[in-house]
Each structure stands twice: as C-alpha cells, then as structure tokens.
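Under my numbering, the first residue of the sequence shown carries the number 1, and numbering increases by one thereafter.
From the three backbone atoms N, C-alpha and C, an ideal C-beta is built for every residue, glycine too.
From a predicted model like this one, the values you see are computed outputs, not experimental measurements.
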Amino acid sequence: MINIVESKNCCGCTSCASICPKGAISMQPDKEGFLYPVVDKDLCVDCNLCDKACAFTKENENNKPLFTYAVRHNSAEVLERSSSGGMFTAMSDYVLDKCGVVYGASFDDNFVIRHTRAESKEQRNAMCGSKYVQSDIRGIFSSIKNDLNDGRLVLFTGTPCQADGLKKFLGQIPENLIISDLICYGVPSPMVWKDYVDFISKINRSVLKEHYFRAYEYGWKEHIALSVFKNGKRYTGNAYSNLFTALYYSKLVLRPSCYSCPYTCTSRVGDITIADCRGIEKVLPDFECDNGASLVLVNTQKGKEFYDKIKDVFCSEDINLDAIMQPPLKGPAKRSARREQFWDIYLNKGFKAAIYWHFGRLYSLKQFIKKLIKIK
Numbered sequence: 001m002i003n004i005v006e007s008k009n010c011c012g013c014t015s016c017a018s019i020c021p022k023g024a025i026s027m028q029p030d031k032e033g034f035l036y037p038v039v040d041k042d043l044c045v046d047c048n049l050c051d052k053a054c055a056f057t058k059e060n061e062n063n064k065p066l067f068t069y070a071v072r073h074n075s076a077e078v079l080e081r082s083s084s085g086g087m088f089t090a091m092s093d094y095v096l097d098k099c100g101v102v103y104g105a106s107f108d109d110n111f112v113i114r115h116t117r118a119e120s121k122e123q124r125n126a127m128c129g130s131k132y133v134q135s136d137i138r139g140i141f142s143s144i145k146n147d148l149n150d151g152r153l154v155l156f157t158g159t160p161c162q163a164d165g166l167k168k169f170l171g172q173i174p175e176n177l178i179i180s181d182l183i184c185y186g187v188p189s190p191m192v193w194k195d196y197v198d199f200i201s202k203i204n205r206s207v208l209k210e211h212y213f214r215a216y217e218y219g220w221k222e223h224i225a226l227s228v229f230k231n232g233k234r235y236t237g238n239a240y241s242n243l244f245t246a247l248y249y250s251k252l253v254l255r256p257s258c259y260s261c262p263y264t265c266t267s268r269v270g271d272i273t274i275a276d277c278r279g280i281e282k283v284l285p286d287f288e289c290d291n292g293a294s295l296v297l298v299n300t301q302k303g304k305e306f307y308d309k310i311k312d313v314f315c316s317e318d319i320n321l322d323a324i325m326q327p328p329l330k331g332p333a334k335r336s337a338r339r340e341q342f343w344d345i346y347l348n349k350g351f352k353a354a355i356y357w358h359f360g361r362l363y364s365l366k367q368f369i370k371k372l373i374k375i376k
C-alpha cells in the first residue's frame, strides 16, 4: 500500500491511483491545494501495484539527448498561438493527421488547468501555450491506455514527472505512443491559481474571459502575462509586475516535491523534450527567431524517427546543449526560506494577506495596487 509520509516524496502524477485494480486510491487536495493519493483501506487488497507504479521514489532510467535542435515552425499563424517555436503544434498536427490522439494541458470553462484528450486540431489548439500551474491529470492514464490498445497513435505532452508516471503505469511502452516532456521550472499550486483568478476578477469587477501565461503579442522573449476580462479590460505584467508570475518565480507556491525534483537534469523521460530556446541569439546569432524558437532534445531512436517525419514543417539547426543550458537542466528550484511563513499566513489569513505580506517588502500598499494590479 502506498504511503506518502512526506509531501516532498509525491509529485502527484496519479500513477498509483490509475493502476489500482480496486479503485481504492483517490487523489485528494492537501491544505496547499496539491493532489495526493488517499487509500481506502476497506477496498485495498495489498497487491502493491501502487508502490511499483510510483514514479517519484524509484531510480529513473532515462535517456541522454541524442540530438539537440533549435526549431521554428514555418507558419506565422502557428507561432502566434505558441509560447516559443511551435514544436508542439508540429508534433500534434502529424499525430492528428494520422487519426491519432493528443493529450495535453488546457483550461476548462472555470480556468482550471486539466489534461485533456484531443482528436481534432480545434481541440488541440486549447493546449497550445504555456500553463504555469500543475494540471489535473486524473483519469488520463487510463484513457491513454485505452487509445493505445485500440491501435491509435498517441502523443502525450506533460511535465517529466507526469510523463514518468505514465511510463510506470503502462509498464511496457508501445510503439504507438510518443512521449514529449517539458523542461519544467516547477509547478505552482492550483489553489493559489484559483485564488488569484478570483482576486483579479473581484478587483476588475468582471469575469475572466481569456488568460495567457505568455502572451505572444508582446514577443516570445518577454514573459508578459495577459488576462482579458468580459468587460473588455486587460491586465498585463512581466515576471516582476504580474502578480501570479511574480509568485511563480518567488518559488513560494511550488509543489514540495519540486525542490528535490530528480528530473531536473539532462537525462530525459520523454522521446522528445521541448522548451523555449532562451539565449539562442547568443549561440546561433544567424538563426531567425524574432517570432519564436523551441529548444528540442531528441532522446530516443523513436523520438528521432518521429522528428524526421515532421521536420519539413519547420526550420531547424543543430545547437550545443551546453551552450544553451536551461536552469531546470542543472538542478531543482531552490526552496524559499520564506515559504513556511508565507503559507502560514495564507492558510490562516487568506490569499490577500499572504501576497500583501510578501510583496509589501517591495511596495507600499498603494504602490502594490498600482503596480501589480494594473488594469487597462
């Protein structure tokens, strides 16, 4: 029976709950809003499949990249809905054109971020763009297994811990599954995200209509978030002036397991790894990247064969990984010394009190409202 004694030992991948033959494990939110497995001991038969499927507590046998590329999609329209170079669209277009299925993270009607299933490009488009919150992936692994058993070509995109959870759930990885993991800086709490949405909606006196964690219209190199409300007003800000983005980079609201993440290295879980190609202008100054560029790590022979099938839809160039090394490939996020105090205030006094406490070091209350909650 799986037993999570310390929160840092669970990444919330749902592999244990998905594999349980008796449905004895459910994923329930803790006080910080992160999902953890809860076992119904009356249903449990001590088969230990859950322990065997746990991705996070096992030594991982992952792959060093075989090839590393800078990639830019040929379509300007694709780049406009992408966070970087459009690699996800290139991969998913191929799979969908083969009557396959794509799994990735998207917003639901209440702006909860969930992994969903797409059989059309319209459904897939909701998955485009960065999502800086841990997605709810409950039920997805079983759905993927059903599609694989039906012979469908499947593309799964997610964080490395989610990708590894899927692999542990499946055991044997079939040829009709392509796994693409992301270079991940850590996943913030879904509860904090919900409270943030409620907070800015209340200030704006309107309901959130659209949100972009990285808005293309401000350029892919700038981390500008954009919230659009039903009354037509817009709230924008960068990594310092957007409230949620600033919380994300403060490392106060990341899942506890992120601070000891075993996937923050160059040994990768997926067949292909994708990320922003930050710093490309210094490494490949002649590569045209004004409209975006993806860093693509091809980690397996299956990944290389898949890459070769889709490479005609984008421009690419070999790039030295050491020269373009992203921080999450060097080690996990450092736990903030202020995290415990932040959450103590959050849980006892609420979201508003916690953010005033944190950002009050930088701004007076008046400046805070003016700078961080600037509605246009």
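N-terminal and C-terminal residue of the alpha helix (DSSP H) that residue i is part of
| i | result |
| --- | --- |
| glycine 380 | Since the first and last residues shown for the chain are 1 and 376, residue 380 lies out of range. |
| glycine 165 | 160-170 |
| phenylalanine 111 | Neither: phenylalanine 111 is in no alpha helix (DSSP H) and is coded neither H nor E. |
| alanine 90 | 87-97 |
| arginine 124 | 121-125 |
| tyrosine 132 | First-last for tyrosine 132: undefined, no H or E at that position. |
| asparagine 348 | 339-349 |
| glutamate 80 | 76-80 |
Residues near residue i by beta carbon distance below 7 Å, same chain, minus five either side
| i | result |
| --- | --- |
| proline 332 | Cys258, Tyr259, Ser260, Cys261 and Thr264 |
| serine 26 | Ala17 and Val38 |
| glutamate 32 | Ser189, Met191 and Trp343 |
| glutamate 217 | none |
| alanine 323 | Val283 |
| serine 336 | Ser250, Lys251 and Leu252 |
| alanine 90 | His73, Ile310, Val313 and Phe314 |
| leucine 347 | Lys31 |
| alanine 354 | Phe342, Ile345 and Tyr346 |
Boundaries (first-last residue) of the beta strand (DSSP E) holding residue i
| i | result |
| --- | --- |
| glycine 331 | From DSSP, glycine 331 is part of no beta strand (DSSP E); its letter is neither H nor E. |
| tyrosine 36 | 35-39 |
| phenylalanine 107 | 101-107 |
| arginine 234 | 234-237 |
| valine 378 | Only positions 1 to 376 of the chain appear in the structure, and residue 378 is not among them; the question remains open. |
Residue i versus residue j: straight-line alpha-carbon distance, rounded
| i | j | result |
| --- | --- | --- |
| tyrosine 212 | cysteine 47 | 43 Å |
| cysteine 50 | valine 39 | 10 Å |
| alanine 55 | cysteine 161 | 7 Å |
| lysine 349 | arginine 117 | 38 Å |
| leucine 295 | cysteine 277 | 4 Å |
| proline 29 | glutamate 288 | 44 Å |
| valine 71 | valine 78 | 13 Å |
| alanine 76 | aspartate 181 | 24 Å |
| asparagine 291 | asparagine 74 | 10 Å |
| threonine 245 | valine 133 | 11 Å |
| lysine 131 | aspartate 195 | 16 Å |
| glycine 219 | glutamate 175 | 37 Å |
| aspartate 42 | glycine 23 | 11 Å |
| tyrosine 356 | proline 328 | 29 Å |
| aspartate 109 | isoleucine 4 | 32 Å |
| phenylalanine 314 | methionine 1 | 47 Å |
| serine 135 | alanine 239 | 21 Å |
| isoleucine 137 | isoleucine 113 | 9 Å |
| tyrosine 69 | proline 285 | 14 Å |
| leucine 177 | arginine 339 | 38 Å |
| alanine 275 | alanine 105 | 15 Å |
| glycine 139 | isoleucine 173 | 18 Å |
6 Å CB neighbourhood of residue i in its chain, flanking five on each side removed
| i | result |
| --- | --- |
| phenylalanine 141 | Ser18, Leu166 and Phe169 |
| asparagine 242 | Ala225 |
| isoleucine 179 | Phe156, Ala163, Gly270 and Asp271 |
| glycine 171 | none |
| tyrosine 248 | Tyr132 and Pro188 |
| phenylalanine 306 | Ile178 |
| alanine 53 | Ser15, Cys16, Ile19, Lys168 and Phe169 |
Sequence-distant residues of the same chain with beta carbon closer than 8 Å to residue i, five excluded per side
| i | result |
| --- | --- |
| lysine 376 | In this predicted model, lysine 376 has a pLDDT of only 49, less than 50, meaning its place in the structure is not dependable enough to derive any value. |
| serine 267 | Asn60, Asn62, Asn63 and Lys64 |
| leucine 96 | Val102, Ala118, Glu119, Ser120, Lys121 and Arg124 |
| asparagine 204 | Phe229, Asn231, Lys233, Tyr235 and Ile375 |
| arginine 214 | Ser83, Gly129, Ser130, Trp220, His223, Ile224 and Ala225 |
| leucine 66 | Val298, Asn299, Thr300, Gln301, Gly303 and Lys304 |
| lysine 202 | none |
| lysine 8 | Pro256, Ser257, Tyr259 and Ser260 |
Option in the options with minimal Cα separation from residue i
| i | options | result |
| --- | --- | --- |
| leucine 35 | Lys41, Leu284, Ser316 and Gly12 | Gly12 |
| methionine 183 | Lys52, Ser84, Arg335 and Phe107 | Per the sequence presented here, residue 183 reads as isoleucine, with methionine not at that position. Of the candidates Lys52, Ser84, Arg335 and Phe107, the one whose C-alpha sits nearest the C-alpha of isoleucine 183 is Ser84. |
| valine 228 | Tyr216, Leu208, Pro256 and Gly219 | Leu208 |
| isoleucine 319 | Leu297, Asp150, Thr245 and Lys309 | Leu297 |
| leucine 148 | Gly23, Lys131 and Cys99 | Cys99 |
| glutamine 326 | Asp312, Phe314, Thr273 and Phe351 | Thr273 |
| serine 316 | Ile280, Leu155 and Ile113 | Ile280 |
| alanine 159 | Pro21, Asp93 and Val187 | Looking at the sequence provided, one finds threonine at residue 159 rather than alanine. Ranking the options by Cα distance to threonine 159, first place goes to Val187. |
| valine 45 | Phe156, Pro21 and Thr68 | Pro21 |
| alanine 293 | Lys52, Asp198 and Phe88 | Phe88 |
| serine 15 | Ala126, Ile200 and Ile144 | Ile144 |
* Could you name each continuous alpha helix (DSSP H) segment of 4 residues or more that falls completely within the stretch 243-322, going from the start of the chain to the end? => 243-250, 280-283 and 301-310
* Asked: Which full runs of the beta strand (DSSP E) of 3+ residues lie inside the stretch 1-71, going along the chain?
  -> 25-29 and 35-39
* **Whole alpha helix (DSSP H) elements within the stretch 164-218, 4-residue minimum** => Within the stretch 164-218, the complete alpha helix (DSSP H) segments at least 4 residues long are 190-204, listed from N- to C-terminus.
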